[in-house]
Structures are given as C-alpha cells and as structure tokens.
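Per full-length UniProt numbering, the very first residue in the sequence shown carries number 1; after that it's consecutive.
Note that beta-carbon positions come from the ideal geometry of N, C-alpha and C, so glycine has one too.
Every value quoted in this text rests on a predicted model; they were computed, and no experiment measured them.
Notes follow once the structure below has been shown.
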Amino acid sequence: MADWTKAQERAIESREKSLLVSAAAGSGKTAVLVERIIRLVVDDRVDVEKLLVVTFTKAAAEEMKQRISSTLVKKMSEATGEERGFINRQINALPFASISTIHSFCSSVVRRYYHVIDIDPALKVGNETVLLILRQRAMEELFEQEYEQEDEEFIKLMESFGNDRRDDRLREMVEKVYGFLMNRPDPKAWGRKVVDSFGVDMQGFDRGSYYVFFAQSTKVKLEHAALLLTRALEDLKGTDNFEKTSAVVQDELNNVKALINSLENGFSAFRKVLDSVGFARLIIKTEDADLKEKIKQSRDEAKDIAKKLIEKFGYEDAETMVENLNEMKSRAAFLIKMAERFEEIYSRMKREKSIMDFNDLEHFCMKILANDEVANQLREEYRYVFIDEYQDSNQIQDVIASRIQRENNLFLVGDVKQSIYRFRLSDPTLFIQKSLVYESADSSINELLHLNTNFRSRSTIIDFINYVFERTMCSYVGEMDYTEKEKLNPGLILPEMECDKTEIYLISNDLEKDDSEEEEEIEEMKLEELEAKVIASKIKSLMGTEIFDAKKQEYRKLGYRDIVVLLRTVKKKGQIYQEVLMENGIPVYAESGTGYFDTLEISLLLDVLRVIDNRRQDIPLLSVMRSPVFKFTIDEIISIREAAKGKSMVEALLKASENPEEALQEKAQGMLSVIARWKKQSRVMPLDRFLWSILVETDYYGYVGALPGGVQRQANIRMLVDRAKEFADSSMKGLFNFVKFVEELKNTKTDLTGAKVLGAMDDVVRIMSIHKSKGLEFPVVFVGGMNKNFNMLDIQQSLILHKDLGLSMEYVNLDERRYCETIYKSIAKEKTALEVLSEEMRVLYVAMTRARDKLIMVGSGKRLDSKIEGWAKPLSAYTVSKAKTYLDWVLGALLGYEEAIVLAKQGAYESEMVKIEKISMDSIARVESEQDRYINKISDYFAALEDTTGQVPPQIIERLEWSYPWEREITLPSKMSVTDMKRFKRTKNLIKTSEELKTPIFLQREKTKKASEIGSANHFVMQHLNLERIKHSGDMADEINLQLSGLFKSERLDVSFEGKINVGAIVAFFANTLGKRMIESPKIYREQTFNLEIKESELYEGGSPDESVLVQGMIDCFFREENHWILIDYKSDYFASEKQKADILDKYKDQIAVYAKAIEKITGKRVKESYLYLLHSNEALPVTT
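Shown next as structure tokens:
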C-alpha cells in the first residue's frame, strides 16, 4: 500500500507512546503493522530481535515473517554500504525473532526461566489425544474418591444435579468449572470470591455486580415500555372515549416510571413497586380498526415487558431470594472444591508424563513474569511490543502482556466488532475498556487511533453495512456503539459494476393448499435445500460475468474460487448445501468442521475394529458383512439370519460356516477366519501399523479413494491412523481401549474436524463457517441460513459461569423436593443472553465484511408477511435485543412502514443499495418439476429405441457410424508456441519424433553445458544488461564484464556458465551499427512475451479461415526509431558455410514474421526493419517479412 491515510501514517510513525489501533475490516491492519516494524528496523535501526510481535495464529505469524522478510529484501536491494549490511543482518536474524503466537512466546519464557518456578525443564505440550485421555482418567479418579468418602456435600450435589441416578451431569459441571477457573489469572481467588458472593445479605446484593447489571438491563426494558405507553396515549387522542382510556394508560405509564425510579433504591424497593403493578381492562371506542389495533399492540408489548419481570423476579419476596443464595453457598463451595481437586489430580498425571497443556503454559509464564527480575529483564530486551488481534485476547494473556510492556512501547491492534471467539473465552471487554482509557488519557503517553477506511469492498457494500449496524449495534447489544468513528469509509475507487447492490432473497414456505402432485414433495423439502437451490441458481447466473481485480487493475472472468457460501455453522447444513450445488454441476468444497466419526469411511473402519475386538455386536457385524470388505449381499444376510432365528448374528454366521449344506459356508468361514487372524495380529502389532495392514489387505484405502471425494476420504483415514498412533504412544494400550476412547469422544460430543485437502487455487465454490472466513475476502459472498435462530443453549445450562458475575446455579431444596432459579441465575441468564446476541451481531458483521464485489443473503421461513410487518416497527436497544435471527436485524434496519408494504404486496423491494425479493416454494418446485420432465423425456426417448426383435434399430446404426466432420482440427491445439508452429508448418505434426532423456546433473561425470543451454544464457545476459551504463561507459568490454560478474554474484545467472558467455560477440553487437541504433533508441523492449491469434488457413493448406489458434512467444528485442519499430532476434546457431547460413535464415524467417505481426497488432505501429543477428559471425541479416 503506497499511499497511506493520515490515520495509518500516524499509526506507523508515532513513537514514544503506547497505541491502541481500532482497525476496521479491510482497513489494512496487517499492512500497517508490518510497515511500522519495517520503519522501526530500517529507519530507527531497531534490531528485529528487540521486537515482540504476538499474533493470534501460527499462520498469521508465518505470514507476517514472510511479509517483513520480502520487504526487507527489497529495501536491501536499494540500500548501500553500512545500511545494506545492517538490513542483511536483520534478514538473517528474522527466523529467530519473537514473532509468534502467545503460546509460542509463553513456551520460550518457560523454557528459559523454568528454574524460577521450579518446574521440570523437560516439560512439553502434550498432544490433545493424550491430554483428553488423562482428563478422563482424572475425572474417574476424582469421583471414585468422592464415592468412597461419602461427603455429605457431595451427596447433596449428586442429588441436586445428578440425572437419572447417573453422575454425567455433575461430571460436566466439574469440568466446566475447572475450564473456567483455568482461564482466570488467579483461579483460587476467583473461586473464593464466588463462594463469598453466595453469603450476601440484602444490602450486599444491592452493592454487587449482579444487581448493577440487573438495574441497567431492567431500565432499558422499562424505558421501552414507557415509550410504547406514551405512543399509545398519543394515539388514543383519535378515539371516542379518550378521557376514560387515557386515564387508564396514564396510570400504567406512571407505574412503569415508578419502577424505573425504584431501581436506584435497591432490589427490595423495586420488588415492592413491582408487586403493585397491574393492568386494567381497556375498551377502546373508535371506528378506525387500524388505529385500535395499533394502540392494542403498543399496550400489549408494554404489558408483556412488565409481566415477564413479574414472572422472573416476583415469584418470591426479595429476602427469601437472598436466603436461597445463602442456602446454596455450601454446594457452590464444594463444586469449586471438586474442580480444584480435579486440577490437582490432572496436574499430577501430566507431571508423571512430563507434559503440560496450553492452560499450564499460560499460568507458568504468568508466574515466571511475576518475578520482578525476570519481568525487568524482558522489558529491557523488547523495545517494542506488538499484539495483533487484541480483541481476541483473554484475561491471562492481557496480564502477561502487561508484565513485559513499558509505559510507552505497546502497540495493540484489532477490531472489537470482529471479536467472535467467546466460546474460547476471549474477552472483547478488554479492548473496550482499554479504548476508553486510551481515549481519555494523556495523548503523550497513550493514544487511541481509528483505522476505518476500507480497502476491500465496493462503496455500495460499505454503505449497506453501515446502514444496518448504525441502526442495530449499540452498547446494549453489541457491547459498543456504532458511531462515526466505527463506520467504514470506502478506500477503493473501482469501475462501476452492473448490479452491485446487495441482494436479499426470502424464501417463503407457506404453501397454497391445492391438489397438485407436487405439494407432498414440497413439504418434505428441507429449508436448507431450498436455500441451496436458490444459491446454485444465482451462482450459475453469475458465472461468465466480469469482475475488476483491484490488485492487477484489470477485468477478469468470475471463477468458482471467487465465490464463498458462509453459514453460521456448517455441521449438517454444509453437507446439504454441498450436495445441492454438486447436483447443479457446481464444483464445491465444504469443510464440515465436525462429523468426522460419522463419515462413511471412518464409521466402517471403526465397525471393523469393534467386530475384531468383540464380534458379538450385531449392528457393527452387519455393517462389516455388508461392506466392500466382505461383500455379503442383502439376500445372503437374510438367508443366514433366517437359518438361525432367535440367535445373535455371530451365532447365525457360525452356524452357516459349520453347515456343509449351506451355500454360503465358504464365505462365512472366510470372514470368521479373517476376523480371528486380525484379532491375533491386534494383540502383537502397534495399533497404527495394524490399521494399515487391514487397509492394505482389503484394499479399502484404494476403494474409498475411488469414491466421490476420494482424496478427502483417504486423508480422513490417514488422520485416524495418526490418532491411533498418538493413542498407542499414551499409557492406554490395546484395541479395546482405543474403541472405548472413540466411543467416549462421541458420547461427550467431542468430534474431530476432517482432514484438510483443499488448495488455495482449486477452482471450487467454498462452503465454510463464518468463523473460518475471518481474515479472508471473496469477490462474491453468499450468506445462507439468515433465518436460523440464534443458539441460546448457554442460558439453558444448569450452571452459568461469568467472569464478572461469577457462578450461578439453580436453587434446590432437597427436604421439600423443589427447585427454582436463584436470583443469580435469572440475572446471569439475561447477561449471558445479551453477550450471546452481541457475539452474533459481530459474527454477522464479519460475514458481511468478507464481500468485495457482491453480497447476497438468503433466508427462509413461514408467515413471512407477518414477519415483514414486525420488521417495519421502529428499532430500539430493547427491540434489537429481542431479535432471534440475522434477518430480524438486517430487515429490521432496512424496512420502514412504506418499504414493508411494497415488499409484502409486490414481493420485491429495491433501493439504491439493496434489492429484496420474496421467492415462493412453489416457484422453486416448478423449476424442479421442469428438470424432472426433461429427464423423463430423455428416458422415454431411449426406451423407444428398444427393439424386441433383436435387430439393431437404424437410429443406433446411424449414430455408431457417424464420423466427426472436423477430425483434422482435433490434432490442432487451441494454443501453441512459436516453436510448435514452426514445427507444425514443417512436419504437419506437433509431436516430437524423439525425446532425449537427460542424465541428472549429479550423475554426470562432467557437468558440460549444451549449445542450447549456452544460447539461453547468452539471451539472458542480453536481456539483463544495463544499456544506459554501456552507452556511457569508456570501455564497453570492461563494463559488460563488470555487469556479468554482478549477475553471477547475485546468483541470477548460475556460476556453471562462467567462461561460457560469449562476451566478445556481445561487445561486437553493441559496436555494430545495429547495436548502436538500439542503444540510442528512446524506447527499447527486451524479452517481450506476447499472445497472437492466427487463422488456421495461415498454418496449413485447407485450414479454416474461420477458426483460430493462439500462438505464444517471446521477442528478443525491438526498439523504436522515429515512429517505426526495428525488430532483432538473436541466434547462436553455428554454421560453416554460406549455404548453412542461408538455411538458418530460412529456418527462422516465419518465426520473425510472426514476431513482426505481433508487434504491429499490439502497438498499432509498423515494423520497418527485421534482423536475424548471428552471434557466431557477429552479423545482422535483414529479414523480409
């Protein structure tokens, strides 16, 4: 990026202060970060080893190193003397610089200072398989100890939170608390604080964080209720009984205002007012039905807000609610104690294996940095500290950074609007809080900068994004206000594109009831299939259109790789989309993210392992019998089963193998024999080698490779073998334990991601989750599933954990056998729900900002007309918080009353930046029916060709004897080189009659150079000589030798060509009249590539004048004289006579004619003279073209 904006330049150039850079999507964040580093190194002479750069992923760290390296190499090529040497040292030091993920940095600190906290220096991060096994074993040991001790509090916990006499639910709670504790900087202090919070009195509750949030959120709700009642009062003025009805509504409004005021006096005061709130019956007299309905809706919404507050917080008096908390204190304390004991057991098991996990790594690093001597040493080492993607940091990582930073050397960069890793416990509030501090701080020490110029998307997309989020994102939902500072500004000036408006397609599945045959079929179609069909249709219509490539500054055809389909989650849905797109002939790749164990190839392999381990498992045994491994047919399985009714499948198989009259005896014996042999092998062979032996013996690996998606399937199998090896390397051995381990993974919903096999340049449509798309951009972006309800599972858990609020659980009275939500849990559910919604809003922002040229959104649902009516209502913080889907936000922002009427009545609405269209299921089904009718028509045609007489129908004979009328053109490619063209004209054949096999260089006794190689090297030298230096040199030979030495030194020309370059011939050329004319020319082109379209009739006699061939070539040199071109083609061919020289001229005459034609067509100017320059004899032969 050559031209920096003022904000970017400030972020790059500011020194002696800490910077927080809020970098919006597409604002060149990484480019700015890299440029700042480059200027620190090159201009300020800061060694790269004095920089600490923390990235979010390993890939980002590698990309940053690569960018820095390539830029430094470029800077070095322009530098001289001492500066060149300094930059060269930085390039050499770059691989060892501290540019890494936070975990890599922590690892380096732990390896270096392990003695400070007295840990084993041999500790290493364990692989996830081994760690998962250890966690399972640690949990088993913990619960065995608890069952033995029979602690009263443990029994209470089991009775309170066990499920159906099982302890699964309590185990999940313990592991959840443990995971949360390990993400706190001080787990024990956080645990103590949580336990203490259950011992509060009423005054303590009013001062606590729970009530602070409760008062804020309740005020937002009540203010919206007051607004609704105010509107109702205004509308009542148009009714016949205004005085009576307005008194009722005014009284209700006063009650709501009293509730708002009571929040300042604590929860008890609020409850007293809440208990007095009621709504009288209201009879509105007016002939205006619409007005009456409008008043009713406003009042009903306000009543609903009040009623829900009563339901959630009015079921018991305030004092009893607090007493319930006190009663649950001992159970909360014991739960945290169990999590801490689990951590002790798990840590002991890890130490025994000399391994640690990433949580340990962070905590070890933090403890080491608590040592002032170490922290000061690192502060001295790192002159500048950079943290990329700061919005995704957590509290521990923030503490680590704070202990190594100086007052004025921190550079934090990120975008809180793109913080979408809440499930990984990232904390966007760190960024928000720091931005408030930096904004109000002394700018000489700390400064907040906003980069909001977007260099990715078209202005129409940017306008659309701003329009939506200005109306939806706020501190209540989104955790920040979308102000002018956060708005995107267009930074790209692009040529206009036809139909660059954002498109939104709404699929209505409200069926019109009729007697059509299609109705039943339509009802069975999944909404995902309908969306995928609409997307497939749109992709087809887009293919072939042109897009402008901003990097290359040219138009090009849209390819499949330019298109992405983004989904909130690709699990299950991704496969449906993939199948529909493939059915429509669209190459597509979907990264499922999960579902690994359910794939065909893996599920069958696991069934094989289950049967080897224990063949008395009917379902796996049937699966293996039916599979390509043993190839039993359905009829054969039925036959075996019927012969042994009432017995297990293995007993039926044994009976078939022992019955000589059984037709399937040999096949049954073979299968049982193979399984028995495999069982023996499994006891003595390493698990991974055993798996490979089965794959090789059955050729199953090759079989799955031949299936659709074979590359992916084989990669999945290799991944399973790798997992088996990791498992075998752990303390748990054997086939039984591996099968059990996989079952536990499935039961705990710990699935794996399938192996990755897609290359960046593969021309396919990508289907990926929005999370996976972060940091990427695509010319065309589809966002599917816009109607999908937000996932609110977090607020439905028995246990809710929150970094600020603490731990909240249900109240369970074991004596009275009753339970209810504690007030903590009721409040925590609301807080968590708002945070989930805020995350979803940021996810939507990420999805929309991936688009470069075109953004298309697709959603579906029932009763769209009523939803459209709801979307037309004015937005407020409260109504935004009531959204259930992305469509609620997007269309709630876009549609006003008038727009909604147009969309509802006409089925479409269009503005300057968006086009919205309703699509009925009927219309999609009709397209499907047309396709079915076409397929049936083809089937009927071939059925009609059948002849029962046994004679071959004449139509088939006619087709079999048909010959292709353009047979000659088959041998002619659509594209060829000039050399190919020359050969084709001479031999009428493109295939070389002989192909010499080259001996590898390392086997050659003498590394001799062929004439063709030497000729190419001479051409290379002629191309790269600096003509200006030759022109002004005193001694031409010395100058050419000096430049030649530079080519060898820079390794642009291999040293093996030393002594092989014909310097004398080159000097002679420039001393020649032609060479002198070239040097004096104002415009010289050397080694210029070209593409030229030539008619077939010019290639051979009888060729079609209507068909063309694309000829590619490279012109050695042409230069301008006056307003014409002079063409030169160098040749190093040897000749011994005038006849041979004439043959050379004849050999290359057509080639030079093509060069001249290409120059004239490209430049529009005539080639006045053409020369074949023979380096062997140092003479220029004129060529007539």
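Please identify the residue among the options whose C-alpha is closest to the C-alpha of residue i.
i        : options                                   : result
Arg-299  : Ile-368, Ile-310 and His-224              : His-224
Asp-1116 : Ala-1017, Tyr-1134, Glu-777 and Leu-1099  : Ala-1017
Gly-861  : Glu-816, Leu-807 and Asn-787              : Asn-787
Pro-628  : Met-719, Val-704 and Val-48               : Val-704
Thr-57   : Ile-68, Ile-99 and Pro-185                : Ile-99
Arg-568  : Lys-552, Arg-556, Asn-789 and Ala-536     : Asn-789
Ser-1033 : Phe-1057, Ile-1079, His-1019 and Thr-1073 : Ile-1079
Ile-856  : Gly-785, Ile-1040 and Gln-397             : Gly-785
Arg-379  : Gln-395, Asp-360, Met-356 and Leu-410     : Leu-410
Ala-269  : Asp-317, Pro-660, Cys-820 and Thr-286     : Asp-317
Output the distance between the C-alpha atoms of residue i and residue j, rounded to the nearest integer angstrom.
i            : j        : result
Asn-1178     : Tyr-1085 : 21 Å
Gln-714      : Gly-702  : 8 Å
Met-158      : Glu-141  : 16 Å
Arg-863      : Val-32   : 48 Å
Tyr-811      : Arg-331  : 10 Å
Ile-12       : Arg-36   : 4 Å
Gln-669      : Arg-626  : 16 Å
Phe-548      : Thr-483  : 31 Å
Ala-302      : Ala-226  : 7 Å
Ser-994      : Thr-979  : Residue confidence is low: Ser-994 scores 40 on pLDDT, short of 50, so the model does not pin down where it sits. Its coordinate-derived value is still stated next. Each residue's alpha carbon lies about 16 Å from the other.
Lys-156      : Lys-312  : 26 Å
Leu-581      : Lys-526  : 15 Å
residue 1188 : Lys-17   : Residue 1188 is absent from the model: the chain starts at 1 and stops at 1185.
Lys-292      : Ala-877  : 26 Å
Are the beta-carbon atoms belonging to residue i and residue j less than 8 Å from one another?
i        : j        : result
Lys-501  : Met-976  : no
Asp-1129 : Leu-1172 : yes
Asn-371  : Val-116  : yes
Ile-767  : Val-534  : no
Asn-324  : Ala-24   : no
Tyr-560  : Ala-532  : no
Gly-191  : Glu-373  : no
Ile-507  : Ile-919  : yes
Val-54   : Asp-388  : yes
Thr-239  : Ile-284  : yes
Ser-1170 : Ile-1152 : yes
Is it right to say residue i is buried, meaning 16 or more other beta carbons lie within 10 angstroms of its own, or is it exposed?
i        : result
Ala-280  : exposed
Ser-683  : The question names Ser, but residue 683 in the sequence shown is Arg. Looking at its Cβ environment, which holds fewer than 16 other Cβ atoms inside 10 Å, Arg-683 is exposed.
Trp-871  : buried
Asp-415  : buried
Phe-96   : exposed
Ala-1142 : exposed
Lys-867  : buried
Gln-8    : buried
Asn-241  : exposed
Lys-1131 : buried
Ser-475  : exposed
Glu-521  : Note that Glu-521 scores 41 on pLDDT, short of 50, meaning its location in the model is unreliable; the coordinates nonetheless yield the value given after this. Counting Cβ neighbours within 10 Å, Glu-521 comes out exposed, since fewer than 16 surround it.
Gln-1140 : exposed
Can you round the beta-carbon distance between residue i and residue j to whole angstroms, since I take them to be within the 8 Å contact cut?
i            : j       : result
Leu-735      : Ile-612 : 6 Å
Leu-274      : Leu-253 : No, Leu-274 and Leu-253 are not in contact; Cβ-Cβ is about 16 Å, not under 8 Å.
Val-34       : Met-76  : Actually they do not touch by this definition, with Cβ atoms about 16 Å apart.
Met-338      : Val-174 : 5 Å
Asp-392      : Ser-419 : 6 Å
residue 1186 : Pro-185 : Past the edges of the chain, shown from 1 to 1185, lies residue 1186, and the structure says nothing about it.
Met-792      : Leu-799 : That belief does not hold up - the Cβ atoms of Met-792 and Leu-799 are roughly 15 Å apart, past 8 Å.
Asp-562      : Val-780 : 6 Å
Phe-455      : Leu-494 : The Cβ separation is near 11 Å, so there is no contact.
Using a Cβ-Cβ distance under 8 Å, would residue i count as near chain B?
i       : result
Phe-632 : Protein chains in the displayed structure number just one, and chain B is not present.
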